[in-house]
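**Q**
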Amino acid sequence: MNALNTISAIPMEHGLLLAATLFTVGFFGLLTRRDMLFMLMSLEVMLNAAALAFIVAGSRWANADGQIMFILILTLAAAEASVGLALLISLYRRFKTLDIDAASTMKG
Amino acid sequence: MLNLLPLTFAAPLLGFILLAFSRSRISENLATVIGVGSVGISALTTLLVGFDFLSNPPEGGSAVITLWQWMSVGSFKPSFALHLDALSLTMLGVITGVGFFIHLFASWYMRGDAGFARFFSYMNLFVASMLFLVLGDNLLFLYFGWEGVGLASYLLIGFWYHDAANGAAARKAFVITRVGDTFMAIALFILFREFGTLNIQELAVLAPAAWPVVNGVGATMATVTALLLLGGAVGKSAQLPLQTWLPDAMAGPTPVSALIHAATMVTAGVYLIARTHAIFDLSPFALQCVGTIGALTLLMAGFIAVMQTDIKKILAYSTMSQIGYMFLAEGVGAYQPAVFHLMTHAFFKALLFLSSGSVILAMHHEQNIFRMGNLRKHIPFIYWCMLIGTLALCAFPLTSGFFSKDAILHEAYLGGHYELWIAGLFGAFLTGVYSFRLIFIVFFGAERWRKAELHGHDDHGAHHGLSPKDEPHGAKTLDHHIPLAVLLVMALIGGFIHLPLDGVLPAAEHAEHGPAWIAYLPIPVSFAGIFVSWFLFLKRPDIPAALASGSVTKLIGQFWKSAFGFDWLYDKLFVKPFVWAANINKNDIADWVIGLIPLTLRGANSLAAATQTGNLRWYAFAAGAGAVGLIAAIALH
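So the protein sequences, as listed, match chains C and S.
First residue of the first sequence: 172, per the numbering used here; consecutive thereafter.
First residue of the second sequence: 49, per the numbering used here; consecutive thereafter.
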C-alpha cells in the first residue's frame with residue numbers, strides 16, 4: 172500500500188509525458204537508424220513506453236489491469252525480440268550487412 | 049439397318065475428337081488406325097445402309113431419322129434429323145467411299161510429317177461436316193455442315209502454317225466462301241420468313257404453291273431466293289465470280305486437294321442446287337443464271353488451265369471446269385446427269401490428284417511440269433493412273449466421264465439451250481487440250497530436270513526438285529497402291545453405275561430426241577482436243593514457244609495465265625479500298641475513349657507502385673504518419 176502511494180504521488184500527466192517522450196524517441200530512432208540491431212532496440216523502447224503508459228494509468232485508477240497489460244507487453248517484447256533477432260541473423264547471412272536498406276529488394 | 053445411319057458421321061467425328069485431343073502424343077500408326085479407320089467404319093456403314101435402302105426402299109423413297117430437337121424458339125423448331133434418299137445416299141457413297149481411299153493414300157503421303165495426327169483430325173472433321181451437309185433434312189442443319197466444311201477447309205489449306213503464304217491462301221478461301229455463305233444465309237432468312245420452316249421437303253411443297261410460275265416468268269421472291277442460294281453454291285463450288293480461292297487452295301497437302309475437289313467441299317454447291325431444285329424450278333431466270341455461270345466458268349477455267357505450269361493448278365482449274373459442267377446441267381434442268389457427273393468426277397479427280405501427289409513426291413516436291421518429262425519410264429504405274437484419269441476427264445468413250453458428260457451435253461441440246469451446248473462442246477475440246485498437255489509434258493518428251501540451267505534462279509531450297517543426276521523413284525507400298533488401283537477401276541467403270549435418282553430429282557422429258565449424231569458429237573470434239581494437244585506440245589513444241597514470243601499471243605497467254613486477272617481486279621476493287629478504309633478508321637474517337645480506361649488504370653498503378661519502395665524505414669514512417677494523422681483527425685473532430 173505504501174509503494175502504491177509513492178507512485179500516486181507523481182502526477183499522471185508527468186508519467187504519460189515521460190511515456191510519450193520515450194515513444195517519440197523510440198519512433199525517431201526507428202526512422203533514423205539504418206542498423207537493424209538499433210532499430211530493434213528502438214522498437215523495445217517504444218514497447219516499454221506503451222507499457223509505462225499502462226502502469227501509470229493503472230495506478231491512477233488503482234486498477235490491476237494496467238499491470239496485467241504490462242506483463243502481456245513484456246511477453247510480447249520477448250517474442251518480438253526473438254523473432255527480430257532471428258531475422259537479423261538471416262539478414263546478415265544473406266546480405267553480409269545489418270544495413271536495413273540493403274534488403275529493399277521488394278520495391279514495387 | 050437404317051438405324052446405323054448416325055454412325056456414318058459419328059465415327060469420323062469421334063476420330064476428330066480423339067486425334068485433336070491426343071495431338072502428337074500418339075504414334076503415327078495409331079493415328080492412322082483412328083483417322084483412316086473411322087472413315088472406313090463410315091464407308092462400311094454406308095454400304096450396309098445403302099444395301100438395305102436399295103433392297104427395301106422406304107415408303108416415298110426417303111427415310112427420316114429424327115435424332116433430337118435441336119432448339120425451340122417460338123415457332124422455329126428445327127430438329128436434328130437425317131434425311132436419306134437416293135440423292136443423299138449417292139453423296140454419302142461418294143464422300144465416304146472416295147474419302148476413305150483418299151485417307152488411306154494420305155496415310156502414305158503424310159508419313160513423317162510433324163503434324164500427322166493433326167492432319168487426320170482435320171480430315172475427319174472435313175468428312176463429318178460434309179456428311180452433316182448431305183444428311184440434314186432441313187436447311188439449317190445443312191448450313192451447319194456447310195460452315196463446318198468451310199472451317200475444315202480453312203484448317204487444311206493452311207495446314208503447313210509455317211509458310212505465311214499458306215496462311216494467306218487459307219484465309220482467302222475462308223473469306224471468299226464466306227461471301228457466298230452470307231448470300232445463302234439471307235436466302236434461308238427469306239425462306240423462313242415466307243414459309244415458317246426450313247425443312248427441305250416441306251419447302252418443296254410450300255414454295256411452288258406460294259410462288260407459281262406465270263407465263264414462264266417466276267415470282268420475284270422465288271428469283272431472289274434462288275439467286276441468293278446460287279450465291280452460296282457459287283462460293284463453295286468455286287464458280288464465277290467467286291472462283292479465285294480454288295487455285296490458291298492448292299497450298300494444302302495434295303490429299304487435301306483431292307478431298308476438296310473430289311469428295312467434299314466443291315461438290316457441295318452442286319448438291320445444294322440439286323437439293324433445293326424445287327425453288328430453282330420456280331425461277332427460269334435463276335436457272336438460266338446457273339447454266340450461264342457454269343458455261344462461262346468451264347470455258348474460262350479451260351483457257352486458264354492451258355497456260356498453267358503447276359501440276360496441281362492445272363488439276364484445280366480442270367475441277368473448276370468440270371463443276372461448271374455440273375452447273376450447266378443443273379441450269380438446263382438436267383439434275384440427274386449433274387449428280388451423275390459429280391460422282392464420276394469424284395472418281396477420276398481423286399485418282400488424278402492422288403497420282404499427282406505421287407508424282408510430286410517422286411520428283412522431290414517438284415510441282416512445275418516443265419521440270420518433269422518422260423516419267424512414264426520411271427513411274428509406269430502412276431503414268432497409267434494419270435492416263436486413265438485424264439481419259440475419263442476428257443470423256444473418252446466407255447470411261448466413266450464419257451457417260452456423264454455426254455448426258456449433260458445431250459440434255460443441254462435437247463432442252464434447246466444451244467448456246468450452252470456449244471460452250472460445253474468447246475469446253476470438251478479445251479479439256480482435251482489442257483489435260484493431255486499435262487500428260488505429254490510430264491510423262492513424255494525429254495527428262496527436263498536433267499538440264500542444269502533450269503535450276504538455280506527460282507529454286508526455293510535444297511529439298512525442292514530433283515538435281516540433274518537423280519532418278520525419280522516411285523512408291524512401293526500397299527497403302528499407296530491400293531487407293532490408286534481402286535480409284536483407277538472406278539474411273540474406268542464408274543459410268544456403268546445406275547443411280548436410282550428418279551424419285552428424287554426430276555427427269556428431263558423431251559418431245560423430240562434430235563438427230564443421233566448429236567449424242568456422239570462430243571467424242572470427235574475431245575479427240576480433236578487431244579490431237580491438238582499432241583501436235584502442239586509433243587510433235588511441234590516450237591509452235592507454243594513461237595506463240596509465247598509473239599506480241600499479241602504473248603499478251604493473251606499472260607492474260608490466261610494470270611487467271612483472267614481476277615485476283616488483280618479483286619485486289620483493286622475490294623482489298624485495297626477495305627485496307628484504305630480500315631487505315632482511316634483505326635484512329636476513331638471510340639477507340640480513343642476506350643483507350644482512356646487502360647490509360648487511367650496504368651497511371652494509378654504506377655502511382656501506387658511508386659509507394660512500394662522496399663525501404664523499411666519509409667514504411668515505418670508512413671505507418672507513423674498515418675497514426676498521427678488518425679489521432680489528429682479524431683482529436684480535431
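All C-beta atoms in this analysis are idealised placements derived from N, C-alpha and C, irrespective of residue type, glycine included.
Check the Cβ of Arg276 of chain C against every Cβ in chain S and list those closer than 7 Å, keeping chain order.
**A** Going by the sequence as given, residue 276 of chain C is Thr instead of Arg. Those are Gly662, listed as they occur along chain S.
**Q** Based on the DSSP secondary-structure assignment, which residues constitute the bridge partners of His131 of chain S?
**A** According to DSSP, His131 of chain S bridges with S:Val112.
**Q** Using only CA atoms, which one of S:Ile352, S:Ala270 and S:Tyr482 lies nearest to Thr292 of chain S?
**A** Among S:Ile352, S:Ala270 and S:Tyr482, the Cα nearest to that of Thr292 of chain S is on S:Ile352.
**Q** Compare the C-beta of Ile260 of chain C with all C-beta atoms of chain S and state if any pair is closer than 8 Å.
**A** Not closer than 8 Å to any Cβ of chain S, the Cβ of Ile260 of chain C fails to qualify, so no.
**Q** Spell out whether any CB of chain C is found under 8 Å from the CB atom of Arg650 of chain S.
**A** Chain C contact via Cβ: absent.
**Q** Figure out for me which residue from S:Asp639, S:Phe148, S:Ile637 and S:Leu376 has the closest Cα to the Cα of Ala91 of chain S.
**A** Comparing Cα positions, the closest option is S:Phe148.
**Q** Which stretch, first to last residue, makes up the alpha helix (DSSP H) that contains Thr193 of chain S?
**A** Per the sequence shown, residue 193 of chain S should be read as Gly rather than Thr. Here the alpha helix (DSSP H) through Gly193 of chain S covers Leu187 to Ile205.
**Q** Taking 8 Å as the CB-CB limit, is Ala683 of chain S close to chain C?
**A** Chain C contact via Cβ: absent.
**Q** Using DSSP with H/G/I as helix, E/B as strand and the rest coil, what is Pro289 of chain S?
**A** If DSSP states are grouped into helix, strand and coil, Pro289 of chain S belongs with coil.
**Q** Assess, as a yes-or-no matter, whether the stretch 127-138 of chain S is touched by the stretch 64-73 of chain S under the definition of 3 or more beta carbon pairs within less than 8 Å.
**A** Short answer: they don't touch.
**Q** Does the beta-carbon distance from Leu269 of chain C to Tyr263 of chain C come in below 8 Å?
**A** Yes, these two residues count as a Cβ contact at 8 Å.
**Q** Report yes if the CB atom of Leu532 of chain S is closer than 8 Å to the CB atom of Ser403 of chain S, and no otherwise.
**A** Yes, they are a contact pair.
**Q** Report the neighbours of Phe669 of chain S on chain C: residues whose CB is nearer than 7 Å to its CB, in chain order.
**A** Correct list: Leu202.
**Q** DSSP state of Gly421 of chain S, grouped into three classes?
**A** In the structure shown, Gly421 of chain S sits in coil (DSSP, three-state: anything other than H, G, I, E or B).
**Q** Against Arg159 of chain S, what residues of chain C qualify as contacts under a CB-to-CB distance less than 7 Å, listed in chain order?
**A** Going along chain C, no residue has its Cβ under 7 Å from Arg159 of chain S, so there is no contact; the nearest lies around 54 Å.
**Q** The alpha helix (DSSP H) that contains Trp565 of chain S, what's its start and end?
**A** Its alpha helix (DSSP H) spans residues Trp565 to Tyr568.
**Q** List, in chain order, every chain C residue whose beta-carbon is nearer than 7 Å to that of Gly672 of chain S.
**A** Those within 7 Å of Gly672 of chain S in chain C are Phe198.
**Q** Quick check on Gln117 of chain S: buried or exposed, where buried means 16 or more other Cβ atoms within 10 Å of its Cβ?
**A** Per the 10 Å Cβ criterion, exposed.
**Q** Cβ closer than 7 Å: which chain S residues qualify as neighbours of Asp272 of chain C?
**A** Chain S residues near Asp272 of chain C: Asn663.
**Q** Could you pull the start and end residues of the alpha helix (DSSP H) that Phe100 of chain S belongs to?
**A** According to the sequence as given, residue 100 of chain S is Asp; it is not Phe. Asp100 of chain S -> alpha helix (DSSP H) spans Glu76 to Ser103.
**Q** What separation, rounded to the nearest whole angstrom, lies between the Cα atoms of Leu390 of chain S and Ala398 of chain S?
**A** In a straight line, the C-alpha of Leu390 of chain S is about 12 Å away from that of Ala398 of chain S.
**Q** For the alpha helix (DSSP H) that Lys587 of chain S lies in, which residues bound it at each end?
**A** That residue, Lys587 of chain S, is in no alpha helix (DSSP H); it is neither H nor E in DSSP.
**Q** Between the C-alpha atoms of Leu549 of chain S and Ala134 of chain S, what's the straight-line distance to the nearest angstrom?
**A** Those two C-alpha atoms are separated by around 6 Å.
**Q** How close, in whole Å, do the beta carbons of Ala176 of chain S and Phe64 of chain S come, if the pair is a contact with beta carbons under 8 Å?
**A** Between Phe64 of chain S and Ala176 of chain S the Cβ distance is about 6 Å, and since that is below 8 Å, they are a contact.
**Q** Within 10 angstroms of its Cβ, does Ala673 of chain S collect 16 or more other Cβ (buried), or is it exposed?
**A** Exposed, since its Cβ has fewer than 16 Cβ neighbours within 10 Å.
**Q** Look at the Cβ atom of Thr350 of chain S, then the Cβ atom of Ser369 of chain S, and state whether they are nearer than 8 Å.
**A** Checking the sequence shown, residue 350 of chain S turns out to be Gly, not Thr. Yes.
**Q** What residue from S:Gly193, S:Lys220, S:Glu195 and S:Trp194 has the CA that sits closest to Gly33 of chain S's CA?
**A** What the structure shows of chain S is the stretch from 49 to 685, and residue 33 of chain S is not part of that stretch, so it cannot be assessed.
**Q** Given a cut-off of 8 Å on the beta-carbon distance, is the pair Pro592 of chain S and Leu584 of chain S in contact?
**A** Cβ distance < 8 Å, so Pro592 of chain S and Leu584 of chain S count as in contact.
**Q** When you compare only the Cα positions, how much space is there between Leu644 of chain S and Ala377 of chain S?
**A** Between Leu644 of chain S and Ala377 of chain S, the C-alpha separation is close to 60 Å.
**Q** Please name the residue in S:Gly651, S:Trp628 and S:Gly551 whose C-alpha comes closest to that of Glu107 of chain S.
**A** Checked all of S:Gly651, S:Trp628 and S:Gly551; the closest Cα to Glu107 of chain S is S:Gly551.
**Q** At a cut of 8 Å, does the stretch 466-473 of chain S reach the stretch 407-420 of chain S through at least three beta carbon pairs?
**A** They do not touch, by the three-pair rule.
**Q** Given a cut-off of 8 Å, decide if Phe477 of chain S and Ala316 of chain S are closer than it, judged by their beta-carbon atoms.
**A** Cβ atoms of Ala316 of chain S and Phe477 of chain S: not closer than 8 Å.
**Q** Return the first residue and the last residue of the alpha helix (DSSP H) that Trp640 of chain S is part of.
**A** Element bounds for Trp640 of chain S: Ile637 to Thr659.
**Q** Based on the DSSP secondary-structure assignment, which residues constitute the bridge partners of Asn247 of chain S?
**A** Beta-bridge pairing links Asn247 of chain S to S:Asn186.
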